[in-house]
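Novice:
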Amino acid sequence: MLKRTYLRLVEMQEEQARQHLEEVRSIHNEMRGYKHDFHHHLQALKGQLEAGQVDRAIVYLEQLDRSLQTVDTLLKTGNVTVDAILSAKLAQARAAGIAVTAEANLPPELSLTDLELSIVIGNLLDNAIEGCRSAAGEKFLRLSLRMKGDMLYFYLLNSAGKKQKKVGSLFRTGKTGAHGFGLHRAEAIVNQHGGWVKYNSEDGAFTSEFLVPAAC
């Protein structure tokens, strides 16, 4: 019974991850479209201004501004899949009033599949955003994602509430007991690739980090 429940949770999370990947790929394609169209926008504005149609150019700029406000800046890490995942999640964090600092520099191909990257990075960022919501005072999220030799290194520090009690390698929360299935899935995937995951909880802060072989 427990095994069936676990497998069902895995299937549900993988389906959610696939849906999320489609969403972030859509965002990425939309951003590429805006970049492609930018030259045309400049040419249109240049023609209107050269023709003395200042009012028309102002209306055009206002329309363009409203359109661009619906799209967040795409983070460029060097890996298209990670670009899309981080851009979507960090936009979600900023929308929740969380101060975000992020730096990432990656190769275009990694050993983890797109689905695995979505599950691991997505779960750790979801956990961080949830932790920020429970924090008193400043809400922040600081992310570093880079290479250490042939290894992919991820470090995430976020504001949080009181120190959480550790249960095995996970943590206890008021919502779901062992915190939670998402952190467990992230750890399992990284372990399958020969890496390690560490979580640490202190009063006011929570850290997540992993190191995993990056070569395909």
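By my numbering, the letter at position 38 of the sequence shown is numbered 20, and the numbering carries on one by one without gaps. Cβ coordinates follow ideal geometry from the N, Cα and C atoms, glycine included.
Which residues mark the beginning and the end of the alpha helix (DSSP H) in which Ser69 is found?
Specialist: Counting along the chain, the alpha helix (DSSP H) containing Ser69 begins and ends at Val62 to Ala77.
Novice: Under 8 angstroms between the Cβ atoms of Phe122 and Ala81?
Specialist: A contact, by the Cβ cut-off of 8 angstroms.
Novice: For Leu99, does the count of other Cβ atoms within 10 angstroms reach 16, so buried, or fall short, so exposed?
Specialist: With 16 or more Cβ atoms within 10 Å of its Cβ, Leu99 is classed as buried.
Novice: Does DSSP put Glu32 in a helix, a strand or coil?
Specialist: Residue state, collapsed to three classes: helix.
Novice: Just grab the DSSP bridge partners of Lys144 for me.
Specialist: According to DSSP, which records beta bridges pairwise, Lys144 is partnered with nothing at all.
Novice: DSSP three-state label for Glu91, please.
Specialist: Glu91 falls in the coil class under three-state DSSP.
Novice: Please report how far the alpha carbon of Ala196 lies from the alpha carbon of Gly34, in whole angstroms.
Specialist: The straight-line gap from Cα to Cα measures roughly 56 angstroms.
Novice: Secondary structure at Gln27, three-state DSSP: helix, strand or coil?
Specialist: Checking the sequence shown, residue 27 turns out to be Leu, not Gln. Note: Leu27 maps to helix in three-state DSSP.
Novice: Taking 6 angstroms as the limit between beta carbons, can you name the residues of its chain near Gly159, skipping five residues before and five after?
Specialist: Annotation note: pLDDT 40 at Gly159 (below 50); position unreliable, coordinate value reported separately. So the list is empty, once near-sequence residues are dropped.
Novice: If we count the other Cβ atoms within 10 Å of its Cβ and call it buried at 16 or more, is Phe136 buried or exposed?
Specialist: Its Cβ being crowded by 16 or more others within 10 Å, Phe136 is buried.
Novice: Count the other CB atoms within 10 Å of the CB of Phe188; is the residue buried (16 or more) or exposed (fewer)?
Specialist: It is buried - the Cβ of Phe188 has at least 16 other Cβ atoms within 10 Å.
Novice: For Glu112, does the three-state DSSP call read helix, strand or coil?
Specialist: Glu112: helix per DSSP, three-state reduction.
Novice: Can you grab the Cα-Cα spacing for the pair His22 / Glu184, in whole Å?
Specialist: Their backbone Cα atoms lie some 51 angstroms apart in a straight line.
Novice: Between the beta-carbon of Leu165 and the beta-carbon of Asn109, is there less than 8 angstroms?
Specialist: Yes. Within cutoff.
Novice: Just the Cα atoms here: how many angstroms apart are Leu88 and Leu72?
Specialist: Leu88 and Leu72: Cα-Cα distance of roughly 17 angstroms.
Novice: Closest to Lys144 by CA distance: which of Asp47, Ala118 and Leu125 is it?
Specialist: Among Asp47, Ala118 and Leu125, the Cα nearest to that of Lys144 belongs to Ala118.
Novice: If you compare alpha carbons, which of Gly79, Thr83 and Arg167 is closest to Ile101?
Specialist: That would be Arg167, whose Cα lies nearest to the Cα of Ile101.
Novice: Less than 8 angstroms separating the beta-carbons of Ala84 and Leu68?
Specialist: Cβ atoms of Ala84 and Leu68: closer than 8 angstroms.
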